[in-house]
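Worksheet for the structure shown next.
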Amino acid sequence: MLSRTADGLFWLARYMERAASVARLVQVGNRMSNMSLSLDNPGNEWRSTLVAAGTEPGYLAKHGEIVPSLVLDYLVLDPENPSSIVSCIETARRNGRAVRTALTVDTWEALNETWQQTRALKADRLAADSLPGLMDWVVQRSLLFCGSYANTMLRNDGYLFTHLGTLLERADNTARILDVKYHVLLPDHEGVGGVLDYYQWQSILRAVSALRSYHWVYHDRLKPWLIAELLILRPEMPRSLVACLAHVVDLLEALAVRYGGQKGECHRLAGEIHARLRYGRVEDIFQFGLHEYVTQFIDDMLRLGQEISGFYLNVR
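So the sequence shown is numbered by full-length UniProt numbering: it starts at 1 and just counts up by one.
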């Protein structure tokens, strides 16, 4: 496969997954903010959402102060923000057009229909009564795209690069959603384990569709160390860091076989990250610092993506 085609498929999948990632982050911020307001304890939930999304510097450069309505517009609709939902879907569709012949009809239609509906979005969809439905729609459209290529694409190198892009972005997203909790400040009178703290952790699990899974696995009330273990170290949780990296390692191995057995730094790095996760313990993670651990993982994902691009997709 031409590196330009592989690159287009890789980034198409990443941007579709990123659109859903931003939607999930917005869901977290919105739920936490609503809970804080209901308890008459307005907090810094929207700032934490911007920080976790990696968009705080760009937002502050444009708007200067944290205003919930402006944060929502920046994360969802702003074409000047390359990580806004609208920008992600626009970029995904542009990549999709460039590799149209490598996509199945179902995959293209899922992508193109999402793009067409996104172009019609208006600011009134960010109102309090409309926002949850809109974010659910974005997540569902991303799931539709993933389902379409997973069920219709030939299991060739095109599929491998597409799925690789999805999983790298998904791992990064799970880490960022988990990190939201670090940046949200509890009120002085609200201790760890209180109502607000409990609801914030619940919002984290809901954002990655893992609340029911948590209770199925642990049969216990929400505990931060168990939530971290589920989202980082449990291989049966499909959005966990270890589950995503296990698939990334397998995909890179399959690509190596298809391309003459050659391996690069990306293969070694993916194996190293997966080994740390596979043999990691949640006690060690909390001793190191959950925020520090997650930040290091996000940095590792950035480096891994760069190594993959340099080894297979050297067109950028």
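Glycine included, each C-beta is placed from N, C-alpha and C at the ideal position. In this text, all values refer to a predicted model and were calculated from it rather than measured experimentally.
Report the CB separation of residue i from residue j in whole angstroms; it is logged as a contact under 8 Å.
| i | j | result |
| --- | --- | --- |
| Tyr199 | Met35 | 5 Å |
| Ile177 | Val208 | 6 Å |
| Val184 | Met16 | Actually they are not in contact, since the Cβ atoms of Val184 and Met16 sit about 28 Å apart, beyond 8 Å. |
| Leu50 | Gly158 | So it is not a contact: roughly 35 Å between Cβ atoms. |
| Leu241 | Leu277 | 6 Å |
| Thr107 | Ser148 | 4 Å |
Going by CA-CA distance only, name the one from the options that's closest to residue i.
| i | options | result |
| --- | --- | --- |
| Ser142 | Glu113, Arg47, Leu131 | Glu113 |
| Glu45 | Tyr149, Gly158, Ser203 | Ser203 |
| Arg18 | Arg234, Tyr312, Met135, Val248 | Met135 |
| Leu269 | Asn314, Ala6, Val248, Leu233 | Val248 |
| Ala52 | Ile308, Lys181, Gly305 | Lys181 |
| Gly271 | Val257, Phe286, Asp300, Val294 | Asp300 |
| Arg155 | Trp115, Gln116, Thr104, Ala110 | Thr104 |
Could you tell me if residue i is buried or exposed, where buried requires 16 or more neighbouring beta carbons within 10 angstroms of its beta carbon?
| i | result |
| --- | --- |
| Trp11 | buried |
| Gly305 | buried |
| Ala23 | buried |
| Asp172 | buried |
| Arg316 | Caution applies to Arg316, whose pLDDT of 44 falls short of 50 and renders its modelled position unreliable; the value that the coordinates give is listed next. So Arg316 ends up on the exposed side. |
| Ala128 | exposed |
| Gly96 | buried |
| Thr101 | exposed |
| Tyr259 | exposed |
Only counting the same chain, and skipping five residues up and downstream in sequence, which positions put a Cβ closer than 8 Å to that of residue i?
| i | result |
| --- | --- |
| Leu121 | Val76, Leu77, Val86, Leu134 |
Going along the chain, which residues of its own chain have a beta-carbon closer than 6 Å to the beta-carbon of residue i, five neighbours each way excluded?
| i | result |
| --- | --- |
| residue 317 | The requested residue 317 is not part of the displayed model; the chain covers only 1 to 316. |
| Gln27 | Met135, Ala207 |
| Ala13 | Thr162, Gly165, Thr166 |
With a CB to CB cut of under 7 Å and the five nearest residues on each side skipped, what residues in its chain are close to residue i?
| i | result |
| --- | --- |
| Arg170 | Glu17, Arg239, Cys244 |
| Leu211 | Gln202, Leu205 |
| Pro224 | Trp201 |
| Leu70 | His63 |
List, from N- to C-terminal side, the alpha helix (DSSP H) runs of 4 residues or more that fit wholly inside the region 178-234.
Counting only unbroken stretches of 4 or more residues, the alpha helix (DSSP H) elements lying wholly within the region 178-234 are 195-207, 211-218, 224-232, in sequence order.
Sequence ranges, alpha helix (DSSP H) only - wholly within the region 266-290, length at least 4:
Complete alpha helix (DSSP H) runs here, min 4: 282-288.
Which runs of the beta strand (DSSP E), 3 residues or longer, sit entirely within the region 49-105?
For the region 49-105, not a single whole beta strand (DSSP E) run of length 3 or above is found.
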